[in-house]
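Chains A and B are the protein sequences, given in the same order.
Start counting the first sequence at 1; every next residue gets the next number (the numbering used here).
Start counting the second sequence at 300; every next residue gets the next number (the numbering used here).
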Amino acid sequence: MNMLNITVDPRKVPEVAFERSPGYWQTVGRRLLRDKVAMGAAVVVLGLLVLAVFGPMLAPADPYKASMLSRLKPIGFEGHPLGTDELGRDLLSRLMVGTRLSLFMGITPVVFAFVLGSVIGIVAGFAGGMLNTALMRTIDVFYAFPSVLLAIALSGALGAGITNSLISLTVVFIPPIARVAESVTTQIRSRDFVEAARASGAGAFTIVRVHVLGNVLGPIFVYATSLIAVSMILASGLSFLGLGVKPPEPEWGLMLNTLRTAIYTQPAIAALPGVMIFVTSVAFNLLSDGLRSAMEIKS
Amino acid sequence: MSGASTLLEVRGLVKHFPLKKDLLGRGGGVVRAVDGVDFSVHTGETLGVVGESGCGKSTTARLLMHLIEPDRGDIIFDGVAVGGRDLSLKAFRRQSQMVFQDSYASLNPRLTIEDSIAFAPQVHGLPYQQAVQRARDLLARVGLEPRRFAERYPHELSGGQRQRVNIARALALQPRLVILDEAVSALDKSVEAQVLNLLLDLKDEFGLTYVFISHDLNVVRYMSDRVMVMYLGQVVEIGEAEALFEAPRHPYTRALLSSIPSMDPDRRTEVPPLAGDPPNPINPPSGCRFHTRCTQAQPVCAQRVPALASGGGSHPVACLMFEAGSGHTAAPDQAVTSTSATAPAASLATEGA
Numbered sequence: 001m002n003m004l005n006i007t008v009d010p011r012k013v014p015e016v017a018f019e020r021s022p023g024y025w026q027t028v029g030r031r032l033l034r035d036k037v038a039m040g041a042a043v044v045v046l047g048l049l050v051l052a053v054f055g056p057m058l059a060p061a062d063p064y065k066a067s068m069l070s071r072l073k074p075i076g077f078e079g080h081p082l083g084t085d086e087l088g089r090d091l092l093s094r095l096m097v098g099t100r101l102s103l104f105m106g107i108t109p110v111v112f113a114f115v116l117g118s119v120i121g122i123v124a125g126f127a128g129g130m131l132n133t134a135l136m137r138t139i140d141v142f143y144a145f146p147s148v149l150l151a152i153a154l155s156g157a158l159g160a161g162i163t164n165s166l167i168s169l170t171v172v173f174i175p176p177i178a179r180v181a182e183s184v185t186t187q188i189r190s191r192d193f194v195e196a197a198r199a200s201g202a203g204a205f206t207i208v209r210v211h212v213l214g215n216v217l218g219p220i221f222v223y224a225t226s227l228i229a230v231s232m233i234l235a236s237g238l239s240f241l242g243l244g245v246k247p248p249e250p251e252w253g254l255m256l257n258t259l260r261t262a263i264y265t266q267p268a269i270a271a272l273p274g275v276m277i278f279v280t281s282v283a284f285n286l287l288s289d290g291l292r293s294a295m296e297i298k299s
Numbered sequence: 300m301s302g303a304s305t306l307l308e309v310r311g312l313v314k315h316f317p318l319k320k321d322l323l324g325r326g327g328g329v330v331r332a333v334d335g336v337d338f339s340v341h342t343g344e345t346l347g348v349v350g351e352s353g354c355g356k357s358t359t360a361r362l363l364m365h366l367i368e369p370d371r372g373d374i375i376f377d378g379v380a381v382g383g384r385d386l387s388l389k390a391f392r393r394q395s396q397m398v399f400q401d402s403y404a405s406l407n408p409r410l411t412i413e414d415s416i417a418f419a420p421q422v423h424g425l426p427y428q429q430a431v432q433r434a435r436d437l438l439a440r441v442g443l444e445p446r447r448f449a450e451r452y453p454h455e456l457s458g459g460q461r462q463r464v465n466i467a468r469a470l471a472l473q474p475r476l477v478i479l480d481e482a483v484s485a486l487d488k489s490v491e492a493q494v495l496n497l498l499l500d501l502k503d504e505f506g507l508t509y510v511f512i513s514h515d516l517n518v519v520r521y522m523s524d525r526v527m528v529m530y531l532g533q534v535v536e537i538g539e540a541e542a543l544f545e546a547p548r549h550p551y552t553r554a555l556l557s558s559i560p561s562m563d564p565d566r567r568t569e570v571p572p573l574a575g576d577p578p579n580p581i582n583p584p585s586g587c588r589f590h591t592r593c594t595q596a597q598p599v600c601a602q603r604v605p606a607l608a609s610g611g612g613s614h615p616v617a618c619l620m621f622e623a624g625s626g627h628t629a630a631p632d633q634a635v636t637s638t639s640a641t642a643p644a645a646s647l648a649t650e651g652a
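Shown next, in the form of structure tokens:
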């Protein structure tokens, strides 16, 4: 019995530093690391980012150098591991170099829309009342048009070019992000801790900064990452229609367009830029899904 | 409480929530959540507020905290009107804090416990380090070892621990008035008792004044010096806790008290407990709002609005049975009241809206 009576006086326990529990984002990170699918997607995304940065240095050949003699060579043709395009340019090099522009066209509009849409949505959600109605009904106007049509219409109106297609894609993505931001902010605003913050005399800006942002940016961010895939496809679509990137710049959407004439002669070659778009958008989607489930911590 | 100064005085408080109209402009009534409430809270006392759900208890609490603005009425804190020239809203908020019922929803899940507590002092200008130090001191004071809890997140704590954190958060501004809106109602009984005793200790230590809102009559009796009974947005009876629990005057208070299960088999419930739900506050009954459920109701009750007055008894009550010459057969004669109606009771009387 004596053996069982050993108790530890808590005051005798050596003084240790404050017990610190892992923060929310730390926990999310750990859960994400355990998600195999998301990690696979992350590796692909990381690879694409490396290509985007170092593509031009790594490319085995000049992506602009045309050769009338070696047009539309098949995959595995000597000197051209992925064949050549309709002007005889090395396809592997063009795909690698094109990564930068394609990712840029996919990610930039989402980043801008994330910032602007979040601001609109958080302001509308936190202010409520008339301001909410005014902002959200204006946003709703954009919902009347399918996103593809809206992007094409805006790009067409603004004129072809990279900047204009970035602007039109940003405009396309602001409404859905603002919607999501508004709904999560409205949810958070009604919670008692926001009431308690108001009762402590804090101003609206302080409350948003300390109590609202930390709770809403996560869900908005996850939603925004899921839009990157859509944005890439839309950007490729604009380029395909001649509204985005102009030849001879290598960009996957544009390459898909110019190679479409070869669909009967070299179907594998014609499909390659499409494969890249597909792989990239799937990778971003899977990563975003993984992030979403990693953030669903029962709290 | 004789001789105690008045910390908070509420006069003719009214809050109606408009209902949304439909597309054709129909509907659009109002919910009379708080409809002409007068009371005062003395310095250093605990005022218990009881009533069924939907009687306006929580709305009153939110009005007192100025989380919602009243349609009419005055809230006077320590002799000066809140939000006026002499007492800004921000200055008032340093002196008056609130503890909510839902211990989880009232803590930001993304902030550590100490950051949640330190938030309010920072708003009022305390540097971060000092605010955190105050938070840790308060954590220790409410029985949570700072070393173990300060840097934890709300979801890692139990309900009772979280409510202790909320109490510490409310005390971080060193307020004089703390409004406890069903603060212990979500806790299980043993934890509830601990938190109640903590609240009593803190009250003595910091010289606090409480407005203690609850639907649990036993808890209110244990905590309160005075008790206010609300029904459908109005005060029906207010008085010293002992007097009110021992000799309830209003039929509604009697019905409420008889609904407490008795431990004594000889003291069985004799007055039938209340039947049905309270009437809809969108369209409250005419006259005395309680007449639809009152066992003593007479035709006059549907016509005449009772005023909150002592009417010769121990404490103010709003019932025609105690109003001289009201026409209720149980009411005293005119002559009796005019001599015994006391001055403090008259000042508490409603305007009879």
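Don't be surprised by glycine CBs; every beta carbon is placed ideally from N, CA and C.
Residue i (DSSP reduced to helix, strand or coil)
| i | result |
| --- | --- |
| Arg310/B | strand |
| Thr170/A | helix |
| Thr163/A | helix |
| Phe376/B | strand |
| Ser513/B | coil |
| Ser281/A | helix |
| Arg384/B | coil |
| Pro317/B | strand |
| Leu346/B | strand |
| Met68/A | coil |
| Gln460/B | helix |
| Asp524/B | coil |
| Glu19/A | coil |
| Leu150/A | helix |
| Gln400/B | coil |
Neighbour list for residue i in chain B, Cβ cutoff strictly below 8 angstroms
| i | result |
| --- | --- |
| Val210/A | Asn407, Leu410, Phe418 |
| Thr206/A | Val422 |
Residue closest to residue i, alpha-carbon to alpha-carbon, out of the options
| i | options | result |
| --- | --- | --- |
| Pro408/B | Asp370/B, Ala617/B, Arg461/B, Gly506/B | Arg461/B |
| Val172/A | Ala160/A, Arg20/A, Leu154/A, Thr163/A | Leu154/A |
| Glu539/B | Pro426/B, Arg603/B, Gly347/B | Gly347/B |
| Gln595/B | Asp565/B, Tyr551/B, Glu504/B | Tyr551/B |
| Phe221/A | Gln26/A, Ala199/A, Arg198/A, Arg292/A | Arg292/A |
| Arg451/B | Leu479/B, Asp414/B, Ala482/B | Asp414/B |
| Arg137/A | Gly76/A, Glu182/A, Pro250/A, Ser147/A | Glu182/A |
| Ser523/B | Val534/B, Tyr530/B, Phe511/B, Gly532/B | Phe511/B |
| Gly575/B | Thr591/B, Cys600/B, Gly442/B | Thr591/B |
| Arg191/A | Phe77/A, Ala268/A, Ser236/A, Phe126/A | Phe126/A |
| Val599/B | Gly612/B, Pro584/B, Gly610/B, Ala608/B | Pro584/B |
| Arg446/B | His454/B, Ser457/B, Ala434/B | Ala434/B |
Nearest-angstrom Cα separation, counted from residue j out to residue i
| i | j | result |
| --- | --- | --- |
| Met276/A | Met57/A | 19 angstroms |
| Ala645/B | Leu556/B | In this predicted model, Ala645/B has a pLDDT of only 41, less than 50, meaning its place in the structure is not dependable; the value taken from the coordinates is given anyway. When rounded, the distance between both Cα atoms is 26 angstroms. |
| His423/B | Leu227/A | 41 angstroms |
| Val379/B | Asp385/B | 7 angstroms |
| Val50/A | Leu366/B | 52 angstroms |
| Gly506/B | Ser304/B | 13 angstroms |
| Val43/A | Thr225/A | 16 angstroms |
| Pro474/B | Phe399/B | 16 angstroms |
| Lys65/A | Gly253/A | 20 angstroms |
| Asp90/A | Val279/A | 20 angstroms |
| Glu545/B | Gly624/B | 26 angstroms |
| Thr508/B | Leu425/B | 24 angstroms |
| Gln396/B | Phe316/B | 24 angstroms |
Chain-ordered neighbours of residue i on chain B, where CB pairs are closer than 9 angstroms
| i | result |
| --- | --- |
| Asn164/A | Going along chain B, no residue has its Cβ under 9 angstroms from Asn164/A, so there is no contact; the nearest lies around 39 angstroms. |
| Ser21/A | Thr411, Glu450, Arg451, Tyr452, Glu455 |
Beta-carbon neighbours of residue i, restricted to chain A and to distances below 7 angstroms
| i | result |
| --- | --- |
| Gln396/B | Ala199 |
| Ala449/B | Phe18 |
Near the ligand GDP: residue i beta-carbon under 6 angstroms from a heavy atom
| i | result |
| --- | --- |
| Val194/A | With respect to small molecules bound, the structure shown includes none, and the ligand GDP cannot be examined in it. |
Residue i: contacting residues in chain A (beta-carbon distance under 9 angstroms)
| i | result |
| --- | --- |
| Glu344/B | Those within 9 angstroms of Glu344/B in chain A number zero; the least Cβ separation is about 21 angstroms. |
| Lys314/B | Neighbours of Lys314/B on chain A: none; closest Cβ ~16 angstroms, over 9 angstroms. |
| Leu472/B | Ser200, Gly201 |
Contacts that residue i makes with chain A (C-beta to C-beta distance below 8 angstroms)
| i | result |
| --- | --- |
| Phe399/B | Asp192, Glu195, Ala196 |
| Ala404/B | Arg191, Asp192, Phe193 |
Decide yes or no for the touch test of the stretch 72–81 of chain A against the stretch 181–189 of chain A: beta carbon pairs closer than 8 angstroms, at least 3 of them.
No: the two stretches stay apart, fewer than three of their Cβ pairs being nearer than 8 angstroms.
Inspect the CB distances between the stretch 306–320 of chain B and the stretch 107–124 of chain A and report whether three or more fall short of 8 angstroms.
At 8 angstroms Cβ cutoff, the stretches do not touch.
Is the number of C-beta pairs between the stretch 327–334 of chain B and the stretch 351–367 of chain B that are closer than 8 angstroms three or more?
The stretch 327–334 of chain B is in contact with the stretch 351–367 of chain B.
When you compare the stretch 237–247 of chain A with the stretch 118–134 of chain A, are there three or more beta-carbon pairs, one atom per stretch, that lie closer than 8 angstroms?
No, they do not touch.
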